[in-house]
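Notes for the one structure printed next.
There are 2 protein chains.
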Amino acid sequence: MADYIEPIEKLIREFCKLPGVGAKTAQRYALTVLSMTEQEAAEFAAALTDAKQKVHICSVCGNYTDRDPCRICAARDRSVICVVQEAKDVMAIERLGEYHGVYHVLGGVLSPLKGVGIEDLRMAQLFKRLTADVKEVILATDTSAEGEATATYIARFVKQYGIKVTRLAQGISIGSELQYADEVTLSRAFANRREV
Amino acid sequence: MADYIEPIEKLIREFCKLPGVGAKTAQRYALTVLSMTEQEAAEFAAALTDAKQKVHICSVCGNYTDRDPCRICAARDRSVICVVQEAKDVMAIERLGEYHGVYHVLGGVLSPLKGVGIEDLRMAQLFKRLTADVKEVILATDTSAEGEATATYIARFVKQYGIKVTRLAQGISIGSELQYADEVTLSRAFANRREV
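Laid out in structure tokens, this is it:
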């Protein structure tokens with residue numbers, strides 16, 4: 014890319030930092046920016062710095078917020094805590110519009126292989142929140158081996174307080190064909206079958 | 014997306030303006046920006062505004078440049094002009110590192126259906142460049158119907174000046190299987206066959 018002029022080359026390098034963006038896609042993005050008006054490009058740049066400067070981590074739940082505590086912690090039913098791995102999981106659940114409790118973002122999952130231990134996650138902050146007001150902790154970590162292990166660890170701890178612990182249902186995806194379900198999913202769907 | 018906080022929502026909207034980026038990809042990009050350091054985000058924003066402010070259109074060839082005339086127009090063999098549709102085509106040819114002439118970026122192709130006429134392209138600027146120094150005009154527009162028509166139009170005009178006009182070779186792509194070549198390509202490959 015020695016023949017690109019420097020400002021374009023720099024912009025391409027920046028776009029390459031985004032997940033899943035290679036040199037060709039970054040070039041397309043950069044050319045799109047060049048075809049914007051100066052004001053549009055300035056607004057894009059302002060959105061980047063604004064997001065970074067105004068968005069922080071909620072000291073209670075660990076989710077992204079522009080005030081502390083966040084809107085969800087401030088206004089919602091604090092007797093139910095839904096534990097998730099990442100902020101994007103909060104976004105996915107919020108899109109449903111069905112959950113009215115609060116969240117706790119761990120910032121990852123326990124992973125001995127990757128060297129992620131209890132002290133690397135927002136685990137102590139979660140356990141501090143287990144006051145008498147809390148009626149239920151919903152474990153919504155991923156169904157990966159590490160997500161499961163993390164859920165099991167939290168469940169064991171939370172149960173000591175006599176608080177109800179639930180895990181999101183696991184089974185065959187809605188709209189998918191039985192024949193294409195993987196073996197673990199199918200086996201779990203059998204084990205967790207319900208009377209209708 | 015009503016539950017996103019405003020600065021994140023705004024950043025997602027900005028990323029959605031990039032080609033081929035939907036809501037989910039934009040969200041991934043936005044979360045990546047949030048996970049950057051403040052300095053990294055500031056550099057990204059600066060790259061955006063810098064590219065827009067420092068990059069202009071070369072008054073001679075129409076390519077993107079940060080000086081006028083551009084490095085290519087200033088330093089290279091001006092007796093050969095390669096005519097392309099867009100600046101990204103210049104980038105593709107420059108990557109080869111084999112072409113040593115100059116370019117002319119049309120900014121599109123003739124398209125009666127889309128209402129693009131001769132006056133909408135940098136056609137007059139091209140014809141103005143046809144001085145006695147010019148020995149060859151290479152037509153490197155796309156092989157689409159519109160690209161072909163544009164090439165034919167330019168060829169007819171340039172030949173009046175007694176200047177050699179060439180078109181990039183068309184045929185079967187290198188490394189592809191004959192059976193998968195489309196009919197037009199295969200037919201043209203037959204017509205343009207060469208003695209070996």
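Line by line, the protein sequences give chains S and A. This note's numbering applies: residue 14 is where the first sequence begins, and numbers increase by one. This note's numbering applies: residue 14 is where the second sequence begins, and numbers increase by one. The beta-carbon is built from N, C-alpha and C at its ideal position, and this holds for glycine as well.
{"query": "Straight-line CA distance for S/Ala64 to S/Arg142?", "result": "28 Å"}
{"query": "Identify which residue in S/Val122, S/Leu152, S/Ala39 and S/Val46 has its Cα closest to the Cα of S/Arg180.", "result": "S/Leu152"}
{"query": "Considering only the alpha carbon of each residue, which of A/Val171, A/Ala39, A/Met104 and A/Leu44 lies closest to S/Ile25?", "result": "A/Met104"}
{"query": "Can you pull out the residues from the stretch 45 to 57 of chain A whose beta carbon lies closer than 9 Å to at least one beta carbon of chain S?", "result": "Thr45, Val46, Leu47, Met49, Thr50, Glu51, Glu53, Ala54, Ala55, Glu56 and Phe57"}
{"query": "Below 8 Å, can you find three or more Cβ-Cβ pairs linking the stretch 29 to 45 of chain A to the stretch 27 to 43 of chain S?", "result": "yes"}
{"query": "When the Cα atoms are used, what is the spatial distance from S/Val46 to S/Pro20?", "result": "12 Å"}
{"query": "From S/Gln173 to S/Asp195, what does the alpha carbon distance come to, in whole angstroms?", "result": "34 Å"}
{"query": "Using C-beta distances below 8 Å, list every residue in its chain close to A/Val122, excluding the 5 sequence neighbours before and after it, in chain order.", "result": "Gln98, Val129, Leu134, Thr154, Asp155, Ser157, Glu159, Gly160, Ala162 and Thr163"}
{"query": "In three-state DSSP terms, what is A/Leu109?", "result": "helix"}
{"query": "Are any of the Cβ atoms in chain S nearer than 8 Å to that of A/Val209?", "result": "no"}
{"query": "Compare the C-beta of S/Asp195 with all C-beta atoms of chain A and state if any pair is closer than 8 Å.", "result": "no"}
{"query": "Report the three-state DSSP secondary structure of A/Ser124 (helix, strand or coil).", "result": "strand"}
{"query": "At what residues does the alpha helix (DSSP H) containing S/Leu152 begin and finish?", "result": "Premise fails: S/Leu152 lies in the beta strand (DSSP E), Glu149 to Leu152, not in any alpha helix (DSSP H)."}
{"query": "Report the three-state DSSP secondary structure of S/Thr78 (helix, strand or coil).", "result": "strand"}
{"query": "Suppose you measure from the CA of S/Val178 to the CA of S/Ile94; what does that come to, to the nearest Å?", "result": "10 Å"}
{"query": "From S/Gly184, S/Ala100, S/Thr50 and S/Phe57, pick the residue whose C-alpha is nearest to that of S/Ile248; which is it?", "result": "A query on residue 248 of chain S cannot be resolved here, the shown segment of chain S reaching from 14 to 209 and no further."}
{"query": "Threshold first: 3 residues or longer. Then list the beta strand (DSSP E) segments lying entirely within the stretch 32 to 72 of chain S, N to C.", "result": "none"}
{"query": "Which residues in chain A have a C-beta closer than 7 Å to the C-beta of S/Tyr42? List them in chain order.", "result": "Leu31"}
{"query": "Just the Cα atoms here: how many angstroms apart are S/Gly120 and A/Lys30?", "result": "29 Å"}
{"query": "Which word fits A/His113, buried or exposed, when buried means at least 16 other C-beta atoms lie within 10 angstroms of its C-beta?", "result": "exposed"}
{"query": "Using a C-beta cutoff of 8 Å, does A/Leu134 count as contacting chain S?", "result": "no"}
{"query": "Quick check on A/Asp102: does DSSP put it in helix, strand or coil?", "result": "helix"}
{"query": "Along chain A, in chain order, which residues have C-beta atoms closer than 9 Å to that of S/Pro125?", "result": "Simply none; closest approach about 23 Å."}
{"query": "In terms of residues, what are the limits of the beta strand (DSSP E) holding A/Ser92?", "result": "Asp90 to Val97"}
{"query": "If you measure from the beta carbon of S/Asp210 to each beta carbon in chain A, is any gap under 8 Å?", "result": "Since the first residue shown for chain S is 14 and the last is 209, residue 210 of chain S is missing from the structure and cannot be characterised."}
{"query": "Mind pulling the chain S residues with CB within less than 9 Å of A/Tyr112?", "result": "Ordered by position in chain S, no residue passes the 9 Å Cβ test against A/Tyr112, which lies about 11 Å from the chain."}
{"query": "Tell me the DSSP secondary structure of A/Ala204 in three-state form.", "result": "helix"}
{"query": "Could one say the Cβ of S/Leu24 lies closer than 8 Å to chain A's Cβ atoms, at least one of them?", "result": "yes"}
{"query": "Would you check if there are 3 or more beta carbon pairs closer than 8 Å linking the stretch 49 to 65 of chain S to the stretch 46 to 55 of chain A?", "result": "yes"}
{"query": "Does DSSP classify A/Lys177 as helix, strand or coil?", "result": "strand"}
{"query": "For S/Ala153, return the contacting residues in chain A, with the cut-off set at a CB-CB distance below 9 Å.", "result": "Ordered by position in chain A, no residue passes the 9 Å Cβ test against S/Ala153, which lies about 16 Å from the chain."}
{"query": "Is there a Cβ from chain A that is less than 8 Å from the Cβ of S/Tyr77?", "result": "yes"}
{"query": "How long is the line joining the alpha carbons of S/Arg80 and A/Asp81, rounded to whole angstroms?", "result": "48 Å"}
{"query": "Rounded to a whole number of angstroms, what is the C-alpha to C-alpha distance between S/Thr144 and S/Thr78?", "result": "23 Å"}
{"query": "Please work out which residues of its chain come closer than 6 Å, Cβ to Cβ, to S/Cys83, disregarding the five sequence neighbours upstream and downstream, and give them in chain order.", "result": "Cys71 and Asn76"}
{"query": "Have a look at A/Asp146 and S/Val68 and give me their C-alpha separation to the nearest angstrom.", "result": "59 Å"}
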